[in-house]
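A quick write-up on the structure given underneath.
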Amino acid sequence: MSRAARVIVEGVSKRYSLSSTRGKLHSLKGALLHGELWRRRQEQGGFLALKDVSFTLETGETLAVIGPNGSGKSTLLKLVAGILKPTSGTVTVRGRLTALIELGAGFHPEISGWDNAIINGMLLGLSRREIEAKLPEIFAFARLENFAHEPVKTYSSGMFVRLGFAVATAVEPDILIVDEVLAVGDELFAHKALDRVAELQRRGCSVLLVTHDLALAEKLAHRGLYLNRGEVVFSGPAPAAVARYRADVASTEAGEAPSTARGKRWGNREVELTSVELVDTEGRPVQVLRSGEPGAIRLAYKVHVPKEDFVFGVAIHRADGTHVFGTNTHLDGLQPESLDGEGSISILFPSLELAPGRYRVDAAVHSVAGLAYDYACEVLEFLITAPVPWPGCYAPRHRWLPAGPKFARLQP
Amino acid sequence: MAEPGSGLFFSLYRKRALVWVLVGRELAARYRGTLFGYLWSLLNPLLLLSVYTVVFTLVIPARVASNAPYPLFLFAGLLPWVFFTGALLDAAVVLPDNGPLLKKVMVEPEVFPAVTVLSHAVHHLLALPVLVVGVAMAAVGLGHPFPWTVVLLPMVLVFWLATVFGLSLGVAALAVHFRDLKDLLHNVFTLWFFLTPIVYTPEAVPAGVLRQLVLANPMTPLVSAYRSLAVEGTFPPPATWAWCALVAGVSLVVGCWVFGRLREGLAEAV
Numbered sequence: 001m002s003r004a005a006r007v008i009v010e011g012v013s014k015r016y017s018l019s020s021t022r023g024k025l026h027s028l029k030g031a032l033l034h035g036e037l038w039r040r041r042q043e044q045g046g047f048l049a050l051k052d053v054s055f056t057l058e059t060g061e062t063l064a065v066i067g068p069n070g071s072g073k074s075t076l077l078k079l080v081a082g083i084l085k086p087t088s089g090t091v092t093v094r095g096r097l098t099a100l101i102e103l104g105a106g107f108h109p110e111i112s113g114w115d116n117a118i119i120n121g122m123l124l125g126l127s128r129r130e131i132e133a134k135l136p137e138i139f140a141f142a143r144l145e146n147f148a149h150e151p152v153k154t155y156s157s158g159m160f161v162r163l164g165f166a167v168a169t170a171v172e173p174d175i176l177i178v179d180e181v182l183a184v185g186d187e188l189f190a191h192k193a194l195d196r197v198a199e200l201q202r203r204g205c206s207v208l209l210v211t212h213d214l215a216l217a218e219k220l221a222h223r224g225l226y227l228n229r230g231e232v233v234f235s236g237p238a239p240a241a242v243a244r245y246r247a248d249v250a251s252t253e254a255g256e257a258p259s260t261a262r263g264k265r266w267g268n269r270e271v272e273l274t275s276v277e278l279v280d281t282e283g284r285p286v287q288v289l290r291s292g293e294p295g296a297i298r299l300a301y302k303v304h305v306p307k308e309d310f311v312f313g314v315a316i317h318r319a320d321g322t323h324v325f326g327t328n329t330h331l332d333g334l335q336p337e338s339l340d341g342e343g344s345i346s347i348l349f350p351s352l353e354l355a356p357g358r359y360r361v362d363a364a365v366h367s368v369a370g371l372a373y374d375y376a377c378e379v380l381e382f383l384i385t386a387p388v389p390w391p392g393c394y395a396p397r398h399r400w401l402p403a404g405p406k407f408a409r410l411q412p
Numbered sequence: 413m414a415e416p417g418s419g420l421f422f423s424l425y426r427k428r429a430l431v432w433v434l435v436g437r438e439l440a441a442r443y444r445g446t447l448f449g450y451l452w453s454l455l456n457p458l459l460l461l462s463v464y465t466v467v468f469t470l471v472i473p474a475r476v477a478s479n480a481p482y483p484l485f486l487f488a489g490l491l492p493w494v495f496f497t498g499a500l501l502d503a504a505v506v507l508p509d510n511g512p513l514l515k516k517v518m519v520e521p522e523v524f525p526a527v528t529v530l531s532h533a534v535h536h537l538l539a540l541p542v543l544v545v546g547v548a549m550a551a552v553g554l555g556h557p558f559p560w561t562v563v564l565l566p567m568v569l570v571f572w573l574a575t576v577f578g579l580s581l582g583v584a585a586l587a588v589h590f591r592d593l594k595d596l597l598h599n600v601f602t603l604w605f606f607l608t609p610i611v612y613t614p615e616a617v618p619a620g621v622l623r624q625l626v627l628a629n630p631m632t633p634l635v636s637a638y639r640s641l642a643v644e645g646t647f648p649p650p651a652t653w654a655w656c657a658l659v660a661g662v663s664l665v666v667g668c669w670v671f672g673r674l675r676e677g678l679a680e681a682v
């Protein structure tokens, strides 16, 4: 795919100086004489919020940044937004960027919502004429038509964030940065907000999303970036990133140290996946299938510590991160009893109705709570062929039934 | 050294529409909910001038070696001084006040001191009609010649604006790191006020160290030039203009340089 990168983050680290250790007079003199006061001092101490983080965000792609509190997510967003400068490394941004970091930041309480919206839009980079043309739409979206000319100090907190959200998304950004603000306002508005983000996604807007709502991250994002203590633990398909994060949380809850693996495979290996294969109806491993043919994914395992709590799962996604399908034995209602020795489990698709293209498979065995025994991300890749290059992911059996239109030749 | 400064002006030029909208907001917010609205900009100086007139003609008849009546002499010194101190004191808090914006939205920090200075400048311009009416009344009532040089006032206002803007940039950036700068400024301004020939003329100061001090004060040429044009009806000598240009130039260069040096760290420090 020939998609242009919108955001390129390369080897970025960010160190915060601790203000208590700052020698004030010394820093004034240093600031004026040597210029780069903060950077120079930062090398000596302070708090390293991000360590050597790299990623790219392509046009139309959504990247979810997940991780526990204090993992550097917000710092990363602010670096991309240009609010903070990296201590080392580079951040390249191509296109108009809007950050939904604090909605309604800069609203002046004494001024009407209407005038504040104009100023906010201009702060976000629109010209006065552009923002004025959008104002009716903005106030309709925020359901504030009747309050447009009241000073915002009379607004409720919900009205405040609704207006902030409406303005920020009305500027039609190329890159949207969202920090935990999609759950703003009431239920109705939260839905509208999500719809609005989805609409921007469809129009090719790249989205960088920070959220603790892992279900939302899986739903909205193509890819996930899992940060912990300022370091990238995992970067890959969103469901896998979420699974990795859940596995680490489960490990911590179970009193184990979270996996230190940095690659695409993690878990405590008490149960090990020895192979993951795509097989045909005869049980022979294949790399290529025709769309609509039957196929199965076979997971072979070896047990090192016998288990009574286990779940096998697979996820299929496109090379660009688009989530196609995912399920596990727990979801499908299989109650685990015991697992020991060696063996295999297959998930059979009587008709693999996938559109032609390359697909990747994540396979996992973990506890019901999400504690990973073995999680292998992108462990298998296969190709689906079809006589027609249908777009998308899903290629169900179908036929046209013309009642009226005449075609030279009917389908066989 | 010129590089951070020119970048600053370029970025302000690009953001000029935003700057003006913010100036408008600043002025609208100031008078919102008041009965007289923008009239306050006229009423405040008018009241001040009336009080001076009563006090310094009836209570303490004051005289200075100037061809303008004392209340107008004082008023013409105070108006730009209030612009100067008001803008600088506001500049000392403008970045912390707009901290949420600096931290959460990508906005060039130089926008805020520029808005502060411009809104004070607009405020100052709104008070000028009172001054003009004052000198006109003195001309009609007391037979003083009307100072036609008042039409040349924009010449000196340019230097005032440059000086105030330069110093505001420096103060705004430094105040982020040194929060007590505002308190310091308050005290400095009290002393500075009496070192500046606002209530007196430089000639009234006994020759010696004190007069040297008053003459060396960078605000002296600015106040003298302003007052010459506004109420005395004389064109300041070239030396005064040169002084004004030097003060304005140095303020701008130093202010831009300080701001440019500290600019990157502002969003983190506020």
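From first to last, the protein sequence lines are chains D and F. First residue of the first sequence: 1, per this note's numbering; consecutive thereafter. First residue of the second sequence: 413, per this note's numbering; consecutive thereafter. All C-beta atoms, glycine included, are put in the ideal place defined by N, C-alpha and C. Keep in mind it's a predicted model, so treat the numbers as computed, not measured.
Taking 8 Å as the CB threshold, residue 174 of chain D stays off the interface with chain F. In the DSSP assignment, residue 83 of chain D falls outside any alpha helix (DSSP H), carrying neither H nor E.
With a 10 Å radius around the Cβ and a threshold of 16 neighbouring Cβ atoms, residue 282 of chain D comes out exposed. Using a Cβ-Cβ cut-off of 8 Å, residue 159 of chain D does not count as an interface residue toward chain F, since no Cβ of chain F sits closer than that to its own. Against residue 10 of chain D, chain F offers no close residue; the least beta-carbon distance is about 19 Å (beta-carbon pairs closer than 7 Å).
Assignment of residue 590 of chain F by DSSP, reduced to helix, strand and coil, places it in the coil class. Contact annotation for residue 115 of chain D against chain F: 437 [CB-CB distance below 7 Å, chain order]. The contact set of residue 519 of chain F on chain D, defined by CB atoms closer than 7 Å, consists of 123 in chain order. If you compare the alpha carbons of F/422, F/443, F/468 and F/568 with that of residue 633 of chain F, the shortest gap goes to F/568. Pairing residue 355 of chain D with residue 395 of chain D gives a Cβ-Cβ distance under 8 Å.
If only complete runs of 4 or more residues are kept, the segment 564 to 618 of chain F shows the alpha helix (DSSP H) at 565 to 589 and 593 to 607, in order along the chain.
A residue is called buried once 16 or more other Cβ atoms fall within 10 Å of its Cβ, and residue 509 of chain F, having fewer, is exposed. In the three-state reduction of the DSSP assignment, residue 309 of chain D falls in the coil class. Secondary structure note for residue 652 of chain F: its alpha helix (DSSP H) is the uninterrupted segment 650 to 674.
Take residue 53 of chain D, set aside five residues on each side of it, and the residues of its chain with a beta-carbon closer than 7 Å to its own are 9, 12, 76 and 232, in chain order. Rounded to whole angstroms, residue 241 of chain D and residue 85 of chain D show a C-alpha spacing of 27 Å. Taking 8 Å as the threshold, the shortest C-beta distance from residue 615 of chain F to chain D does not fall below it.
For residue 77 of chain D, no CB of chain F lies under 8 Å from its own CB, so it is not counted at the interface with that chain. Of the candidates F/470, F/668 and F/430, F/430 places its Cα closest to the Cα of residue 128 of chain D. The C-alpha of residue 559 of chain F lies about 22 Å from the C-alpha of residue 533 of chain F.
With at least 16 other beta carbons inside 10 angstroms of its own, residue 543 of chain F counts as buried.
Of the residues F/433, F/477 and F/486, the one whose Cα lies closest to the Cα of residue 611 of chain F is F/486. Our two residues, residue 252 of chain D and residue 380 of chain D, have alpha carbons roughly 29 Å apart in a direct line.
Taking a Cβ-Cβ threshold of 7 Å, the residues of chain F close to residue 85 of chain D are 676, in chain order. At least 8 Å separates the beta-carbon of residue 578 of chain F from that of residue 498 of chain F.
Taking C-beta atoms as the reference points, residue 168 of chain D and residue 113 of chain D fail to come closer than 8 Å. Using a CB distance below 9 Å, no part of the segment 594 to 615 of chain F faces chain D. If you check each beta-carbon in the segment 87 to 110 of chain D against every beta-carbon of chain F, the ones closer than 8 Å belong to 97, 99, 101, 102, 105, 106, 108 and 110. Taking the beta carbon of residue 440 of chain F as reference, the chain D residues within 7 Å of it are 111, listed in sequence order. With its beta carbon less than 8 Å from one in chain F, residue 127 of chain D belongs to the interface.
Listed by position along chain D, the residues whose Cβ is nearer than 8 Å to that of residue 569 of chain F form an empty set, because the closest Cβ is around 27 Å away. Listed in chain order, the non-local C-beta contacts of residue 91 of chain D below 7 Å within the same chain comprise 9, 12, 79 and 80, local neighbours out to five positions each way being set aside. Between the alpha carbons of residue 656 of chain F and residue 608 of chain F lies a gap of roughly 14 Å.
By the criterion of a C-beta distance shorter than 8 Å, residue 670 of chain F is surrounded in its chain by 581, 582, 585 and 586, once the five residues flanking it on both sides are discounted.
Closest by C-alpha distance to residue 17 of chain D, out of D/7, D/197, D/4 and D/48, is D/48.
Setting aside the 5 residues that flank it on each side, residue 308 of chain D is surrounded in the same chain by 336, 337, 338 and 339, each with a C-beta closer than 8 Å to its C-beta; the list follows chain order.
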